[in-house]
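Novice:
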Amino acid sequence: MRDNNNRRRNDRDNQPESDIKDRLVTINRSTKTTKGGRTFTFTGIVVVGDEKGKVGHGAGRSREVVTAIQKGIEDAKKKMVEVPVINGTVPHAQEAVYAGARVLIKPATPGTGVIAGGAMRAVLESAGIKDVLAKSLGSSNTQNVVKATFKALTMMRSAAEVADLRGISVHRVFNG
């Protein structure tokens, strides 16, 4: 019985991740001074996504850069969410605030590309959004900008979701 459990566990662990790509947003180094000298720790902020509407973010902390990034990737995979992507852009304009960071995301016409700053760009491209206008306002703290971007993306609703919530047809959502 034990052999079967191990075989199943190993099969599950050895399955390849389905096209999930990771992007390193930033690495921060912290220093702690002790009587024995300085101790460095690294924090890696990572965004993962399948470029088909699923995206997640995470942070990992370790004494080594590689380990911090790996921990961040694991954390990001646990926090993956589905975001609505319609014709390569977002369904509507959305603003969100997290701590001091404020972000504004607007849909764009095909061919515009991703017009966004560093941390926001990583999140939007990982989600599979090809055309979008985005602006980061307020704090430029990378972690807060990433979290504000996620907050804005999770607040977005597709026309079908709005129609279901209101109990009307999609046609009436657009035409009143």
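In terms of my numbering, the sequence shown opens at residue 15 and continues consecutively.
We treat Cβ as the ideally placed atom computed from N, Cα and C, and that holds for glycine.
#1: Is the distance from the Cβ of Lys85 to the Cβ of Gly70 below 8 Å?
#2: Check whether the segment 104 to 113 and the segment 165 to 176 are in contact - that is, three or more C-beta pairs closer than 8 Å.
#3: Pick out whichever of Val104, Ala136 and Ala177 has its Cα sitting closest to the Cα of Ala122.
#4: Tell me the DSSP bridge mates of His71?
#5: Consult DSSP for Asn101 and reduce its assignment to one of helix, strand or coil.
#6: Could you tell me the alpha carbon to alpha carbon distance between Gly142 and Ile129, rounded to whole angstroms?
#7: Taking C-beta to C-beta, are Thr57 and Ala82 nearer than 8 Å?
#8: Measuring CA to CA, which of Glu78, Leu147 and Val80 is closest to His106?
#9: Give me whichever residues DSSP pairs with Ser150 in a beta bridge.
#10: Which of the three DSSP states, helix, strand or coil, is assigned to Ala110?
#11: If I measure Cβ to Cβ from Ser183 and keep anything under 7 Å in the same chain, skipping five residues before and after, which residues do I get?
#12: Nearest CA to the CA of Met170: which residue from Thr48, Ile34, Gly67 and Lys92?
#13: Can you give me the Cβ contacts of Gly35 inside the same chain, cut-off strictly under 8 Å, excluding the 5 residues immediately before and after it?
#14: Look at Thr45 and Ile59 and say whether their C-beta atoms are less than 8 Å apart.
#15: Mind checking which residues open and close the beta strand (DSSP E) that includes Lys49?
#16: DSSP beta-bridge partners for Glu191?
#17: Nearest by alpha-carbon distance to Pro124: which of Val99, Gln157 and Val117 is it?
#18: Use the C-beta contact count for Val117: other C-beta atoms within 10 angstroms, 16 or more gives buried, fewer gives exposed.
#19: Tell me the DSSP bridge mates of Lys35?
Specialist: In short:
#1: On the sequence shown, residue 85 is found 71 positions in, with the first residue counted as 1. On the sequence shown, residue 70 is found 56 positions in, with the first residue counted as 1. No, Cβ-Cβ distance for Lys85 and Gly70 is not below 8 Å.
#2: Counting Cβ pairs under 8 Å, three or more are found: they touch.
#3: Your numbering for residue 122 matches position 108 in the sequence shown. It is Val104.
#4: Position 57 of the sequence shown, counted from the start, is the residue given in the question as residue 71. His71 is bridged to Val61.
#5: Residue numbering aside, residue 101 sits at position 87 when the sequence shown is read from its first letter. Of the three classes helix, strand and coil, the one that applies to Asn101 here is coil, per DSSP.
#6: Counting from 1 along the sequence shown, the entry for residue 142 is found at position 128. Counting from 1 along the sequence shown, the entry for residue 129 is found at position 115. Distance between the alpha carbons of Gly142 and Ile129 is about 14 Å.
#7: Locating residue 57 in the sequence shown gives position 43, counting from the first residue. Locating residue 82 in the sequence shown gives position 68, counting from the first residue. In this structure, Ala82 lies closer than 8 Å to Thr57 by Cβ.
#8: Counted from its first residue, the sequence shown places residue 106 at position 92. The residue with the shortest Cα to Cα distance from His106 is Leu147.
#9: Working through the sequence shown from its first residue, we reach residue 150 at position 136. Per DSSP, Val117.
#10: Your numbering for residue 110 matches position 96 in the sequence shown. In the three-state scheme derived from DSSP, where H, G and I count as helix and E and B as strand, Ala110 is classed as strand.
#11: The residue labelled residue 183 in the question sits at position 169 within the sequence shown. So the qualifying residues of the chain are Ala177.
#12: Start at 1 with the first residue of the sequence shown, and residue 170 comes out as number 156. Of the listed residues, the one whose Cα sits closest to Met170 is Gly67.
#13: Stepping through the sequence shown from its first residue, residue 35 is reached at position 21. Checking the sequence, you will find Lys at residue 35 rather than Gly. If the five residues before and after Lys35 are omitted, its C-beta is found closer than 8 Å to the C-beta atoms of Val62, Gly63, Asp64, Glu65 and Ser140, all from its own chain and listed in chain order.
#14: As a first step, residue 45 is located in the sequence shown; it is residue number 31 there, counting from the start. As a first step, residue 59 is located in the sequence shown; it is residue number 45 there, counting from the start. Going by C-beta atoms, Thr45 is not nearer than 8 Å to Ile59.
#15: As a position in the sequence shown, residue 49 is number 35, starting the count at 1. Here Lys49 belongs to no beta strand (DSSP E), and DSSP marks it neither H nor E.
#16: This structure gives no information on residue 191, because the portion of the chain shown stretches from 15 to 190.
#17: As a working mapping, residue 124 is identified with position 110 in the sequence shown. When only C-alpha atoms are compared, the closest one is Val99.
#18: To locate residue 117, count along the sequence shown from 1; it is residue 103. Result: buried.
#19: Within the sequence shown, the letter at position 21 stands for residue 35. Gly63, per the DSSP bridge assignment.
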